[in-house]
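Engineer:
2 protein chains.
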Amino acid sequence: MTEELVKAVPNLKVSEDPDNGAMNVDAPEDANDVVNPWTVQTTNDKGIDYDKLIEKFGSQKIDPALLERMEKLTGVPVHHLLRRGVFFSHRDMGVILNQVEKGKPFYLYTGRGPSNTLHIGHLIPFMFTKWLQDTFDVPLVIQLTDDEKFLWKDLKKDDAKRLAFENARDIIAMGFDVNKTFIFSDFQHIGGAFYENMVTVMKHVTFNQVKGIFGFNDSSNIGKIMFPAVQATPAFSSSFPSIFGGKKDVPCLIPCAIDQDPYFRMTRDVAPTLKFRKPALLHSTFIPALQGAQTKMSASDENTSIYVSDTPKQIKNKINKYAYSGGGDTIEEHRANGGNCDVDISYQYLTFFLEDDARLEQIRQDYSSGKLLTGELKQILVETVTPLVMAIQEKRKTITDDMVKEFMRPRPMTTKNFTTPT
Amino acid sequence: MTEELVKAVPNLKVSEDPDNGAMNVDAPEDANDVVNPWTVQTTNDKGIDYDKLIEKFGSQKIDPALLERMEKLTGVPVHHLLRRGVFFSHRDMGVILNQVEKGKPFYLYTGRGPSNTLHIGHLIPFMFTKWLQDTFDVPLVIQLTDDEKFLWKDLKKDDAKRLAFENARDIIAMGFDVNKTFIFSDFQHIGGAFYENMVTVMKHVTFNQVKGIFGFNDSSNIGKIMFPAVQATPAFSSSFPSIFGGKKDVPCLIPCAIDQDPYFRMTRDVAPTLKFRKPALLHSTFIPALQGAQTKMSASDENTSIYVSDTPKQIKNKINKYAYSGGGDTIEEHRANGGNCDVDISYQYLTFFLEDDARLEQIRQDYSSGKLLTGELKQILVETVTPLVMAIQEKRKTITDDMVKEFMRPRPMTTKNFTTPT
Numbered sequence: 001m002t003e004e005l006v007k008a009v010p011n012l013k014v015s016e017d018p019d020n021g022a023m024n025v026d027a028p029e030d031a032n033d034v035v036n037p038w039t040v041q042t043t044n045d046k047g048i049d050y051d052k053l054i055e056k057f058g059s060q061k062i063d064p065a066l067l068e069r070m071e072k073l074t075g076v077p078v079h080h081l082l083r084r085g086v087f088f089s090h091r092d093m094g095v096i097l098n099q100v101e102k103g104k105p106f107y108l109y110t111g112r113g114p115s116n117t118l119h120i121g122h123l124i125p126f127m128f129t130k131w132l133q134d135t136f137d138v139p140l141v142i143q144l145t146d147d148e149k150f151l152w153k154d155l156k157k158d159d160a161k162r163l164a165f166e167n168a169r170d171i172i173a174m175g176f177d178v179n180k181t182f183i184f185s186d187f188q189h190i191g192g193a194f195y196e197n198m199v200t201v202m203k204h205v206t207f208n209q210v211k212g213i214f215g216f217n218d219s220s221n222i223g224k225i226m227f228p229a230v231q232a233t234p235a236f237s238s239s240f241p242s243i244f245g246g247k248k249d250v251p252c253l254i255p256c257a258i259d260q261d262p263y264f265r266m267t268r269d270v271a272p273t274l275k276f277r278k279p280a281l282l283h284s285t286f287i288p289a290l291q292g293a294q295t296k297m298s299a300s301d302e303n304t305s306i307y308v309s310d311t312p313k314q315i316k317n318k319i320n321k322y323a324y325s326g327g328g329d330t331i332e333e334h335r336a337n338g339g340n341c342d343v344d345i346s347y348q349y350l351t352f353f354l355e356d357d358a359r360l361e362q363i364r365q366d367y368s369s370g371k372l373l374t375g376e377l378k379q380i381l382v383e384t385v386t387p388l389v390m391a392i393q394e395k396r397k398t399i400t401d402d403m404v405k406e407f408m409r410p411r412p413m414t415t416k417n418f419t420t421p422t
Numbered sequence: 001m002t003e004e005l006v007k008a009v010p011n012l013k014v015s016e017d018p019d020n021g022a023m024n025v026d027a028p029e030d031a032n033d034v035v036n037p038w039t040v041q042t043t044n045d046k047g048i049d050y051d052k053l054i055e056k057f058g059s060q061k062i063d064p065a066l067l068e069r070m071e072k073l074t075g076v077p078v079h080h081l082l083r084r085g086v087f088f089s090h091r092d093m094g095v096i097l098n099q100v101e102k103g104k105p106f107y108l109y110t111g112r113g114p115s116n117t118l119h120i121g122h123l124i125p126f127m128f129t130k131w132l133q134d135t136f137d138v139p140l141v142i143q144l145t146d147d148e149k150f151l152w153k154d155l156k157k158d159d160a161k162r163l164a165f166e167n168a169r170d171i172i173a174m175g176f177d178v179n180k181t182f183i184f185s186d187f188q189h190i191g192g193a194f195y196e197n198m199v200t201v202m203k204h205v206t207f208n209q210v211k212g213i214f215g216f217n218d219s220s221n222i223g224k225i226m227f228p229a230v231q232a233t234p235a236f237s238s239s240f241p242s243i244f245g246g247k248k249d250v251p252c253l254i255p256c257a258i259d260q261d262p263y264f265r266m267t268r269d270v271a272p273t274l275k276f277r278k279p280a281l282l283h284s285t286f287i288p289a290l291q292g293a294q295t296k297m298s299a300s301d302e303n304t305s306i307y308v309s310d311t312p313k314q315i316k317n318k319i320n321k322y323a324y325s326g327g328g329d330t331i332e333e334h335r336a337n338g339g340n341c342d343v344d345i346s347y348q349y350l351t352f353f354l355e356d357d358a359r360l361e362q363i364r365q366d367y368s369s370g371k372l373l374t375g376e377l378k379q380i381l382v383e384t385v386t387p388l389v390m391a392i393q394e395k396r397k398t399i400t401d402d403m404v405k406e407f408m409r410p411r412p413m414t415t416k417n418f419t420t421p422t
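Protein sequences appear in the order of chains A and B.
For the first sequence, the UniProt record's numbering puts the final residue at 422, and the numbers step up evenly by one.
For the second sequence, the UniProt record's numbering puts the final residue at 422, and the numbers step up evenly by one.
#1: Residues in the same chain with beta-carbon distance under 7 Å from T330 (chain A), minus the five sequence neighbours each way, listed in chain order, please.
#2: Does any residue of chain A have a CB that is nearer than 8 Å to the CB of D26 (chain B)?
#3: Report the residue from A:R359, A:F194, A:F286 and A:V35 whose alpha carbon sits nearest the alpha carbon of E55 (chain A).
#4: Mind pulling the beta strand (DSSP E) runs of 3 or more residues that sit fully within the stretch 74-160 of chain A?
#5: Taking only beta-carbon atoms, is I222 (chain B) less than 8 Å away from chain A?
#6: Under a Cβ-count criterion, where at least 16 other Cβ atoms within 10 Å of its own Cβ denotes burial, should P387 (chain B) be classed as buried or exposed?
#7: Have a look at V76 (chain A) and D134 (chain A) and give me their C-alpha separation to the nearest angstrom.
#8: Classify K416 (chain B) as buried or exposed, calling it buried when 16 or more other Cβ atoms lie within 10 Å of its own Cβ.
#9: From which residue to which residue does the alpha helix (DSSP H) around A232 (chain B) run?
#10: For D402 (chain A), count neighbouring C-beta atoms within 10 Å of its own C-beta (all shown protein chains included) and say buried if the count is 16 or more, exposed if not.
#11: With the cut-off set at 8 Å, would you say V382 (chain B) and F353 (chain B) are in Cβ contact?
#12: From P241 (chain A) to N167 (chain A), what does the alpha carbon distance come to, in whole angstroms?
#13: Return the chain-ordered ranges of every alpha helix (DSSP H) run that is complete within the stretch 234-271 of chain B and spans a minimum of 4 residues.
#14: Would you kindly work out how many angstroms separate the C-alpha atoms of G212 (chain B) and Q60 (chain B), rounded to a whole number?
#15: Between residue 423 (chain B) and chain A, is any beta-carbon pair separated by less than 8 Å?
#16: Does the beta-carbon distance from F69 (chain A) to V404 (chain A) come in below 8 Å?
#17: Taking contact to mean at least 3 C-beta pairs separated by less than 8 Å, is the stretch 170-180 of chain B in contact with the stretch 222-242 of chain B?
#18: Candidates B:Y324, B:K52 and B:T420: which alpha carbon is nearest G246 (chain B)'s?
#19: So F194 (chain B) and T145 (chain B) are in contact, right, with Cβ under 8 Å, and what is the actual spacing, rounded?
#20: Do you know how far the Cα of G328 (chain A) is from the Cα of Q260 (chain A)?
#21: Do you know how far the Cα of Q188 (chain B) is from the Cα of R162 (chain B)?
#22: Under a three-way DSSP split, which group does A280 (chain B) fall into?
#23: So which residues of chain B does A229 (chain A) contact, with C-beta pairs closer than 7 Å?
#24: Looking at C-alpha atoms only, which residue of B:V141, B:I183, B:S115 and B:L140 is the closest neighbour of F150 (chain B)?
#25: In the DSSP output, which residue or residues are listed as bridge partners for F418 (chain B)?
#26: Under three-state DSSP, which class holds I183 (chain B)?
#27: State buried or exposed for A358 (chain B), treating a residue as buried only when at least 16 other CB atoms are found within 10 Å of its CB.
#28: If you follow the alpha helix (DSSP H) that L53 (chain B) is part of, which residue opens it and which one closes it?
#29: Quick check: is the beta carbon of G113 (chain B) nearer than 8 Å to any beta carbon in chain A?
#30: Check whether the Cβ of S219 (chain B) lies closer than 8 Å to any Cβ atom in chain A.
#31: Counting Cβ pairs, one atom from each stretch, are 3 or more of them under 8 Å apart for the stretch 82-99 of chain B and the stretch 212-224 of chain B?
#32: Output, in chain order, the set of chain A residues within a Cβ distance shorter than 7 Å of D147 (chain B).
#33: Nearest-angstrom Cα distance between G215 (chain B) and A173 (chain A)?
#34: Check this for me: beta carbons of M198 (chain B) and A235 (chain B), under 8 Å apart or not?
#35: What do you get for residue 440 (chain A), buried or exposed, if any count of 16 or more other CB atoms within 10 angstroms of its CB means buried?
#36: Tell me the DSSP secondary structure of G375 (chain A) in three-state form.
Here it is, written out as structure tokens:
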């Protein structure tokens, strides 16, 4: 029996409630690990085998040489999610760095399938994307796929649109700069140059191809079948004339969880035919559910994750009560044998949210040796996550509808490394 | 071997050059008559068997009682294309007339797949639609499917868009009233409420359904697969908030050639699920090629039809040289046996373009009896068609880009029987 992971480094879309009935209809039945935009499953108790995934997907491992080159080019240390291998795989990151080396621009694209509440896993790609934007000082487009949520889930259109707006507010609360960031909802924005590129992509992709890549079948609705074109379109700069003034050759870098790679394999396959540039990618692993790397996330069980709307008390309770422990059964046993960081969820979460490498290493040693108890480790996680969530809640209160609308208005952009052509 | 007819009452799309290679890829291989949006074929030398088609499609025959009811309600004689059975089939025309009887509004929807030049067959649905609009005084939306042309044919996007604009000019030249007519190009207009309805339709139609209806297969591109939703969308009034102010319940009447019915069978099937009204339809037959009811139209042979850009001399030459004659081989034989109006193309064309019923009947008798010679009949056709084409050419010269743009601007409308809700 396969188990589903919480996909908490959530990719460009589906996330905290992969309503199995509706969403797995189109998922291909494969052996062992299953990773696609709708399903992430493994039978391995250590979670997904990411090295195998790299082999299967045909992407590249992010190696020390690549990180070194990034540090040399930017003059700053790489983000801890890169250092720790959360972002572990890529496509063409070298092409992007060549571009930077030549003083030429690129842009960033990421996104989200609107949902009721973000959980802390959802913060990861945006934290990372913000770091990329700050470090490279380039434009960023964020796609909110309200149309996709409507196509895949039992959700009213107005609700999907409302969630897109509310999620935009959450994302803005993470500190994005309006001068460099364009957030758009598909329902609101599709049309014009975007729709034209979308139709171009659709013309060059057959049902056979999407069937193979996404596991669609004859019962899939025709909206789902065409949807991969919607997700491919933001990867081409000519889809955003307000930002790129019709330029077709600004390369795009997409940070996302590895389950979204199928969309961009398709995008990269079709790009040369269209004389567009292939987007580059940075792939991340998934953050496990509180209950452990193998536990099944459930839409009806909000205790499987921590939401950005949770109170400090809720955060503390969830971690203390549910975070799977790799420690001994008794204090005596733990002191004698130490804890297992490989399966301990509190430790795993700290690798995502605790930036200080030295302190993280100390915690690892202390927990492994039995010096640090599970309760103490959980307390460290509470103290790490709570201020992070509170900061977003505070910031969110200050974000007015007009601010959200400004982010969502198509407009020219200027960054240190990019200016909208006139 | 099957032969292809000129589809000169051309439906909502494909028209003078059904590039077989590209367009028939998806056509279902069926016995005898084949009628779908991309192929019209028959082995019958009198052309398509329309009664069989009504049976196959499950539509209704337009009968004298329906025409009588129309005349009673409108106080004017029905159009000659109705009297002569060119528009021969319908769906729910009674529902539209009920609406009129109650003093409630409906609207008209027709369209065209942009192409280089209109031929006289293309004029038929627009002439008829204009009569419907004048008679019922209701809003009309005209869809120019530049996206579809791009998806199906070897045509650049800019060319498809340019052709849409030029065809809008041709259509306007037929005398449409800007106060009641909204012409839109898909590339320009899709987005907003239109895109939302499109996605709604797509959500409720599976690949299985479009495969069955349109004969798509695994090699069809995903744009084609979703395209039926694009053609369905204008049939729902909420797709045009500028005209209908978000009202969902204004019924739609679609005059079109019978080959377009598959799109609207699908549209009518999905409408109740979406709580939209089913569109009503008026179906027309096809106008044959100059060379006869069975001859194959060829994109490379412009002598198969008369274009609205032809000079009087070209029109005269084409008719004299190519119009298939049902007359005797010699004058003597013709005088003795008479001509056969059932296969004579000049006579057939007159049924489309000569409004005077009494004169048409006289011509029929004289030709059948041998009193009227083929040359004389051809001369009558020349004299009927030439002024019609010349009038459009004259009018076309007066239509500025700004006038076209005004037609294509989303805006409120007021007619005697309709006012945009505020």
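The beta-carbon is built from N, C-alpha and C at its ideal position, and this holds for glycine as well.
Structural biologist: Looking at the atomic coordinates:
#1: none
#2: Residue confidence for D26 (chain B) is low, a pLDDT of 38 falling below 50, so the modelled location carries little weight and cannot support an answer.
#3: A:V35
#4: 87-91, 107-112 and 140-144
#5: yes
#6: exposed
#7: 11 Å
#8: exposed
#9: I222 to A232
#10: exposed
#11: no
#12: 24 Å
#13: 241-244 and 261-270
#14: 22 Å
#15: Since the first and last residues shown for chain B are 1 and 422, residue 423 (chain B) lies out of range.
#16: Here the sequence assigns Arg to residue 69 (chain A), which means Phe is not the residue at that position. No, the pair does not count as a contact, with Cβ atoms beyond the cut-off.
#17: no
#18: B:T420
#19: Wrong, their Cβ atoms sit about 13 Å apart, outside the cutoff.
#20: 37 Å
#21: 11 Å
#22: strand
#23: I222
#24: B:S115
#25: B:T415
#26: strand
#27: exposed
#28: Y50 to F57
#29: no
#30: yes
#31: no
#32: V199
#33: 49 Å
#34: no
#35: Outside the displayed span of chain A (1 to 422) sits residue 440 (chain A), for which this structure offers no information.
#36: helix
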